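Novice: For reference, the structure I am asking about is given below.
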Amino acid sequence: DVKVTQSSRYLVKRTGEKVFLECVQDMDHENMFWYRQDPGLGLRLIYFSYDVKMKEKGDIPEGYSVSREKKERFSLILESASTNQTSMYLCASFPSGSRAGELFFGEGSRLTVL
Amino acid sequence: RKEVEQDPGPFNVPEGATVAFNCTYSNSASQSFFWYRQDCRKEPKLLMSVYSSGNEDGRFTAQLNRASQYISLLIRDSKLSDSATYLCVAHTGGGNKLTFGTGTQLKVEL
Chain A
221 DVKVTQSSRY LVKRTGEKVF LECVQDMDHE NMFWYRQDPG LGLRLIYFSY
271 DVKMKEKGDI PEGYSVSREK KERFSLILES ASTNQTSMYL CASFPSGSRA
321 GELFFGEGSR LTVL
Chain B
2 RKEVEQDPGP FNVPEGATVA FNCTYSNSAS QSFFWYRQDC RKEPKLLMSV
52 YSSGNEDGRF TAQLNRASQY ISLLIRDSKL SDSATYLCVA HTGGGNKLTF
102 GTGTQLKVEL
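Going line by line, the protein sequences match chains A and B. The opening position of the first sequence corresponds to residue 221 in this note's numbering, with each subsequent residue numbered one higher. The opening position of the second sequence corresponds to residue 2 in this note's numbering, with each subsequent residue numbered one higher.
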C-alpha cells in the first residue's frame with residue numbers, strides 16, 4: 221500500500237512563527253501536492269512538484285513556499301504564520317504514468333495559528 | 002460560480018436505501034472526473050474514477066453527462082459505513098489541474 225506520511229497531525233503556532241510541514245511518501249511517486257482544506261471552500265492547491273527540486277505554484281501560493289530536495293519528501297513552509305492560515309493541510313502524491321486525479325493523501329496536518 | 006458544485010447536504014437516508022448525489026462542473030474542457038470519500042477528520046480516499054460515460058463498482062455507480070455537465074454518484078443498499086462526505090473532482094487540461102467540490106455529506110441511519 222502507498223503510504224503518505226505527514227509529520228504532524230496537530231500543530232498550534234503563534235502569529236509570525238515559521239512553520240514547517242513535512243510530507244514523505246514511500247512509493248517513489250514523482251508528483252506531490254500540498255492542499256489546504258477549509259469548510260465551504262473545498263480543497264485548494266497551494267503548490268505542487270513534478271520532480272526533485274522542481275515546484276509549481278498552485279491556486280493559492282501566497283504566504284507559502286515549498287522544498288523538494290529528495291524525491292520522497294515535499295515540505296511546505298509558512299515563513300510567517302498568520303491566523304488566516306489556520307487550516308487542515310493535506311499532502312498528496314501520484315506516480316507519473318498514472319491518472320492525474322488518482323491521488324494518495326496523507327492523514328492531514330491540522331494547523332492552528334493563534 | 003464555482004467550477005465544481007455540490008449540494009452540501011446532509012443527505013439522511015435509512016440503511017438499505019438508494020441515494021444519489023449530483024455534481025455540476027462549469028468548465029466544458031474538463032476531461033475526467035473522480036469521486037473521493039472523506040470520513041470525518043480523515044484524509045480523502047479515491048472511490049471511483051470516471052473517464053467516459055460512467056463506471057460501476059459493486060454498490061456504487063458513477064454517471065457522466067457531458068451535455069449537461071454533471072456527474073452523479075449512486076449508492077445502492079446504503080450501509081451505515083457509507084456515512085461520509087463525498088467529494089467530486091474534475092480534471093482539466095493536460096497537466097495536473099484538479100478542481101475539488103466542497104463535498105456532499107451522507108448520513109446513513111438505522
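Glycine included, every Cβ here is placed at the ideal spot set by N, Cα and C. Everything numeric in this text was worked out from a predicted model, so none of it was measured.
(1) Just the C-alpha distance for Val-51 of chain B and Ala-63 of chain B, rounded to the nearest angstrom, thanks.
(2) Taking C-beta pairs closer than 8 Å, name the residues in chain B that Phe-325 of chain A reaches, listed in chain order.
(3) Provide the residue(s) that pair with Leu-99 of chain B in DSSP beta bridges, ordered along the chain.
(4) Could you give the first and the last residue of the continuous beta strand (DSSP E) run that contains Asp-58 of chain B?
(5) Check the Cβ-Cβ distances between Leu-241 of chain A and every residue of chain B, and say whether any is below 7 Å.
(6) If you scan the segment 264–306 of chain A from start to end, which runs of the beta strand (DSSP E) of 3 or more residues do you find wholly inside it?
(7) Assuming Met-49 of chain B is part of the beta strand (DSSP E), what are its boundary residues?
(8) To be precise: take each residue of the segment 247–271 of chain A, compare its Cβ to all Cβ atoms of chain B, and keep it if any distance is under 9 Å. Which residues remain?
(9) Is Leu-323 of chain A helix, strand or coil by DSSP?
(10) So that I know if they touch, is there some Cβ in chain B lying closer than 7 Å to that of Gly-214 of chain A?
(11) Measure from the C-beta of Gly-328 of chain A to each C-beta in chain B and report whether the shortest distance is under 7 Å.
(12) Do Lys-224 of chain A and Gln-245 of chain A have their C-beta atoms closer together than 7 Å?
(13) Since I believe Val-20 of chain B is in contact with Leu-107 of chain B (beta carbons under 8 Å), could you give me their beta-carbon distance rounded to a whole number of angstroms?
Specialist: According to the structure shown:
(1) 7 Å
(2) Glu-44, Pro-45 and Lys-46
(3) B:His-92
(4) 55–58
(5) no
(6) 285–290 and 293–298
(7) 45–51
(8) Asn-251, Phe-253, Tyr-255, Gln-257, Pro-259, Gly-260, Leu-261, Gly-262, Leu-263, Arg-264, Leu-265, Phe-268 and Tyr-270
(9) coil
(10) Nothing can be reported for residue 214 of chain A: it is not among the residues displayed for chain A, which extend from 221 to 334.
(11) yes
(12) With the sequence shown as reference, residue 224 of chain A is identified as Val, and Lys is not the correct amino acid for it. Yes, the Cβ-Cβ distance between Val-224 of chain A and Gln-245 of chain A is below 7 Å.
(13) 7 Å
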